[in-house]
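Please read the structure below before turning to the comments.
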Ligand SMILES: NC(=O)c1ccc[n+]([C@@H]2O[C@H](COP(=O)([O-])OP(=O)(O)OC[C@H]3O[C@@H](n4cnc5c(N)ncnc54)[C@H](OP(=O)(O)O)[C@@H]3O)[C@@H](O)[C@H]2O)c1
């Protein structure tokens, strides 16, 4: 089994350098996949109330032979539950669905600036952390302005920020900002949903040079570039292969060539303008 390096978060807790993403898939298949991911060595599992699969993730964790304390489960509060009281209630719904005593990492799914309730949501998350119901709190899709406002109004910085990041959208300024503030960046859609690298000669060349697959090159580019990818796959061989990115290093030229593929966000979801309920 691949040994996964650990990163230390600004709250002193540990974050595996790669995790497993879990968008909506058929429940029966999902439980099998999540169990398989744990068996393969993943110790960070990403879910969200919006994915409708917290119960399946919880079952996979509770049924796994991997000790609970070795697994970091992260879930997210949806936009419809923003607000102080709403977030506390939403968290209880997530915890009940997960059937866990505590949640390792609790994230704001989107800032939803049009509703302007993310600071109140953050206050509730600080309380959940202080009560020990959540080990780490963080955000997703937060730009500098949103993070600076959280710090200004509550004095508490997120432990991590999960953002869109892949070769077509390296999001380099955000990674630099997060790193400078001691915030870990996680990459969502780290493989660009499997499309971001198909046929790109820079990636194909690096894959041939290191004897790995293009997917592994992209995930290595992620970790070497300072972020924590959470790739999703339904294929057992890729679930295993995607973990195996710590035994080789890309050259400075290869890193730059892959970052140079930048074209923009795949789905056009600019967090400064997007509001999801
Ligand atoms: N916070 C947010 O707003 C947000 C938004 C989007 C996603 N997320 C999280 O990020 C996770 C990952 O993102 P994602 O699922 O959108 O995209 P992704 O992980 O970039 O890509 C998944 C796709 O890539 C394919 N794939 C996986 N490994 C591969 C490999 N080695 N070579 C070639 N293709 C490969 C998979 O197909 P196969 O199944 O056929 O392998 C799947 O279709 C999600 O599961 C979710 O947990 C968060």
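Residue numbers (the numbering used here): 1107 to 1383. The beta-carbon is built from N, C-alpha and C at its ideal position, and this holds for glycine as well.
In this structure, residue 1346 lies near residue 1146, with their beta-carbon atoms less than 8 angstroms apart. Non-local C-beta neighbours of residue 1164 in its own chain, meaning closer than 7 angstroms and more than five positions away in sequence, comprise 1203, 1204, 1205 and 1206, ordered along the chain. Under the criterion of beta carbons closer than 8 angstroms, residue 1113 and residue 1290 qualify as touching, at roughly 6 angstroms. Distances from the CB of residue 1348 to the heavy atoms of ligand 1 include at least one below 7 angstroms.
Collapsing the DSSP output to three states places residue 1292 in a strand.
The three-state reading of DSSP puts residue 1299 in helix, counting H, G and I together. Within the segment 1181-1263, the complete alpha helix (DSSP H) segments of 4 residues or longer fall at 1190-1204, 1224-1236 and 1250-1260, listed in chain order. Residue 1179 sits in a strand when the DSSP states are folded into three classes. Taking C-beta atoms under 8 angstroms as the contact rule, residue 1153 and residue 1193 fail to qualify, at a distance of about 17 angstroms. Residue 1363 counts as buried, since no fewer than 16 other beta carbons sit within 10 angstroms of its beta carbon. Excluding residues up to 5 positions away in sequence, 1351 lie with their Cβ nearer than 6 angstroms to the Cβ of residue 1322 in the same chain. Under DSSP, the beta-bridge partners assigned to residue 1333 are 1291. Between the C-alpha atoms of residue 1143 and residue 1125 there is a straight-line separation of about 9 angstroms. DSSP places residue 1268 inside the beta strand (DSSP E), whose first and last residues are 1266-1270. Within the DSSP secondary-structure output, residue 1122 pairs in a beta bridge with 1112. Set against 7 angstroms, the gap from the CB of residue 1268 to the closest heavy atom of ligand 1 is smaller. Every beta strand (DSSP E) stretch that sits fully inside the segment 1310-1378 and reaches 3 residues is listed by chain position as 1333-1335. Here residue 1354 has 1316 as same chain residues with Cβ atoms under 6 angstroms from its own Cβ, once five neighbours each way along the sequence are excluded. The C-beta distance from residue 1326 to residue 1356 rounds to 6 angstroms, short enough to fall under 8 angstroms.
Looking from the CA of residue 1366, the closest CA among 1374, 1278, 1166 and 1195 belongs to 1278. A contact is defined here as three or more CB-CB pairs under 8 angstroms, and the segment 1329-1343 fails this definition with respect to the segment 1244-1253. The closest CA to that of residue 1267, considering only 1189, 1121, 1320 and 1338, is found on 1121.
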